[in-house]
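See below for the structure under consideration.
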Amino acid sequence: MVSAPSIVWRDSPDYEEARIGRVFNNRRPDRYPRGVIQPTTAEGVADAVKLANQLGLRVSIRSGGHSWAAWSVRDDALLIDLADLKLLELNEASGTLKASPSTTGRVLNEYLGTKGKMFAEGGFLLQGGMGWNCKNWGWACEKVQAVEVVTADGEIILCSKDQNSDLFWAARGAGPGFPAIVTAFHLEVRDSFSNVMKSTFIWPLEKYKTIMDWTMDDDAVASLKIANETHPPGAIMISMCEPSSLSVEYEAQALANPEGHRYTSDNAYISNDTDAAEVLREAFTTLPEGTKTFALWYSMNPCSRRKLPDMALSMQSDHYFALYTVWEDEKDDERCTSWVKKVMGHVEQHSVGAYLGDSDFQVRRTKFWEDTKAEKLMQLRQKWDPRGTVCGYLDQGDKSGVNGLENKHEWSI
Ligand SMILES: Cc1cc2nc3c(=O)[nH]c(=O)nc-3n(C[C@H](O)[C@H](O)[C@H](O)COP(=O)(O)OP(=O)(O)OC[C@H]3O[C@@H](n4cnc5c(N)ncnc54)[C@H](O)[C@@H]3O)c2cc1C
Numbered sequence: 577m578v579s580a581p582s583i584v585w586r587d588s589p590d591y592e593e594a595r596i597g598r599v600f601n602n603r604r605p606d607r608y609p610r611g612v613i614q615p616t617t618a619e620g621v622a623d624a625v626k627l628a629n630q631l632g633l634r635v636s637i638r639s640g641g642h643s644w645a646a647w648s649v650r651d652d653a654l655l656i657d658l659a660d661l662k663l664l665e666l667n668e669a670s671g672t673l674k675a676s677p678s679t680t681g682r683v684l685n686e687y688l689g690t691k692g693k694m695f696a697e698g699g700f701l702l703q704g705g706m707g708w709n710c711k712n713w714g715w716a717c718e719k720v721q722a723v724e725v726v727t728a729d730g731e732i733i734l735c736s737k738d739q740n741s742d743l744f745w746a747a748r749g750a751g752p753g754f755p756a757i758v759t760a761f762h763l764e765v766r767d768s769f770s771n772v773m774k775s776t777f778i779w780p781l782e783k784y785k786t787i788m789d790w791t792m793d794d795d796a797v798a799s800l801k802i803a804n805e806t807h808p809p810g811a812i813m814i815s816m817c818e819p820s821s822l823s824v825e826y827e828a829q830a831l832a833n834p835e836g837h838r839y840t841s842d843n844a845y846i847s848n849d850t851d852a853a854e855v856l857r858e859a860f861t862t863l864p865e866g867t868k869t870f871a872l873w874y875s876m877n878p879c880s881r882r883k884l885p886d887m888a889l890s891m892q893s894d895h896y897f898a899l900y901t902v903w904e905d906e907k908d909d910e911r912c913t914s915w916v917k918k919v920m921g922h923v924e925q926h927s928v929g930a931y932l933g934d935s936d937f938q939v940r941r942t943k944f945w946e947d948t949k950a951e952k953l954m955q956l957r958q959k960w961d962p963r964g965t966v967c968g969y970l971d972q973g974d975k976s977g978v979n980g981l982e983n984k985h986e987w988s989i
């Protein structure tokens, strides 16, 4: 059983660090868990859940601390921080990696690289995982073979296609509404490769439509070679076939998403039958000045054109679009958040839904799954956690509880 001293309670001097020290977004939430605990084993997680049940508390979970909306920080809950639960073990014979959920993609791939292997990313698997080369290799969660979990009753179980298969189905797409706590992922890894290259082109803003139309053309994105050979003239900067590697790309990602900054993100799957470049014009051409904000369009085709395996994850289109609004000073909070709201209010009218990973349900709710999958997922939430022990989707006022999200567009404008 958990000993009370291992919990950092709200009146402890270490509380503030335990509450938000590992939250990536510097825009700190105004929410206060009752206490924080950092178990080192699955048994420790199970004990923490049993204690929370005895005390009548919900549990919230933190793995990497990277959710933009700080979903792990919940009022009056017992926050189970998995930072110290560490597991990273490759079975070379079967090609299966066991990894604890707080392992970042970078650490995971550094380890695998020493064994000539790689995985298309890490701790975001519950919501699908848009990893390296997602459009061709598919969702990272498709490579999850099993998950070890602690249930809302504090029981330790394995979920796979043969055991507790309904919870395994939910573990691939439920995101922060998964009604249990994952303590280990069993992942299928792939062979690594050494020949990585990238090309970069920068054009002046007035070329926006020409460039977006060219980029969205399937022939142009088919490969870097074609991009290099067919790109429109007038680029301010061109860098073609620069040698790269996973570690160089992780470095670039860290520069684009610096620590110690304030963030808000939103995203949409733009419907296939719309002029996506035109729909996204405002987003790409009016980024708030003096900030490090960026907009991203990502082709999901051909992944988006294939029938997905049967799992909760079910929302996709050819065009993934996301806004990452990045700034440093609290005085810019209102300017940045209202810009995102304005842009998304227009974009969402041309969208089919959104990806959980870059969403904040306190700000904007939409469709995150196909309707039948959403219905099944919400029923599974009620089956596996009928009392709502595990904090689920953080909507406005944290009210969604065991019912989960409604899975419908709620237009902002
Ligand atoms: C810099 C940066 C880059 C990103 N890049 C990508 C990207 O390339 N592709 C992509 O798809 N997403 C990306 N994201 C989004 C990110 O994957 C999601 O925000 C994801 O939720 C982060 O996982 P985490 O474990 O760090 O989250 P945390 O903040 O630790 O947890 C968020 C919530 O997830 C649930 N959860 C976490 N761990 C568990 C668990 N073990 N068991 C049950 N529930 C759990 C809980 O509800 C928890 O509150 C990025 C985010 C950041 C900040």
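Under my numbering, the letters of the sequence shown match residues 577 to 989, in that order.
Beta carbons are placed, not taken as given, at the ideal position from N, Cα and C, and that holds for glycine.
Predicted model, so just to flag it, every value in this text is computed and none were measured.
By the criterion of at least three beta-carbon pairs nearer than 8 Å, the segment 900 to 907 is in contact with the segment 857 to 871. E924 sits buried, since 16 or more C-beta atoms from the chains shown fall within 10 Å of its C-beta. Residue side-chain check: M706 places its Cβ nearer than 7 Å to a non-hydrogen atom of ligand 1. It is roughly 18 Å from the alpha-carbon of S639 to the alpha-carbon of A830. Less than 8 Å separates the beta-carbon of Q892 from that of S880.
DSSP links N601 through a beta bridge to no other residue. Annotation for I637 indicates a beta carbon within 7 Å of some heavy atom of ligand 1. Take the alpha-carbon of I732 and the one of G620: they are about 11 Å apart. CA-to-CA, the gap between F761 and P609 works out to about 26 Å. The alpha-carbon of L627 is positioned some 39 Å away from that of A669. Within the segment 898 to 962, the runs of beta strand (DSSP E) that reach at least 3 residues and sit entirely inside it are, in chain order, 927 to 929. Here Y839 carries a strand assignment [DSSP, helix/strand/coil].
In its chain, beyond the 5 residues on either side, S890 have a beta carbon closer than 7 Å to the beta carbon of L884. Within the segment 758 to 819, the alpha helix (DSSP H) runs of at least 4 residues that lie entirely inside it are, in chain order, 784 to 792, 794 to 797 and 800 to 806. Rounded to whole angstroms, the gap between the alpha carbons of K952 and L781 is 45 Å.
The way I'd put it, the segment 912 to 931 does touch the segment 852 to 862; three or more beta-carbon pairs between them come closer than 8 Å. Within its own chain, the residues whose Cβ lies closer than 7 Å to the Cβ of I814, once the five positions on either side in sequence are excluded, are F777, listed in chain order.
Just measuring C-alpha positions, the residue of Y839, E593 and T948 sitting nearest E906 is Y839. For K691, the secondary structure class from DSSP, reduced to helix, strand or coil, is coil. Residue nearest to D657 within the set F700, T672, A750 and A594 is A594 (criterion: CA-CA distance).
The straight-line gap separating the alpha-carbon atoms of V612 and N848 is approximately 44 Å. In the three-state DSSP reduction, A750 falls in the coil class, being neither helix nor strand.
Nearest to V772 by alpha-carbon distance, out of A832, N709 and N667, is N709. Counting the other CB atoms within 10 Å of its CB gives K719 a total of 16 or more, which places it among the buried residues. By the Cβ neighbour-count rule, A750 is buried, with 16 or more other Cβ atoms within 10 Å of its own. Cβ contact annotation for L956 (same chain, cutoff 6 Å, sequence separation greater than five): D742 and A746, in chain order. Taken in chain order, the complete beta strand (DSSP E) segments of 3 or more residues contained in the segment 641 to 709 are 654 to 657, 664 to 667 and 672 to 675. K783 sits close to G810, with the two beta carbons spaced by under 8 Å.
Here DSSP, grouped into helix, strand and coil, assigns W585 to strand.
Within a 10 Å sphere around the beta-carbon of W987 sit fewer than 16 other beta-carbons, which makes this residue exposed. Excluding residues up to 5 positions away in sequence, A716, C717, V720 and F761 lie with their Cβ nearer than 7 Å to the Cβ of L701 in the same chain. For E910 and V939, the gap between their C-alpha atoms comes out near 13 Å. By the CB criterion at 8 Å, S927 and A844 fall inside the cutoff. As a beta-bridge residue in DSSP terms, L734 pairs with E724.
Within a 10 Å sphere around the beta-carbon of Q614 sit 16 or more other beta-carbons, which makes this residue buried. DSSP places G611 in the strand class (E or B) of the three-state scheme.
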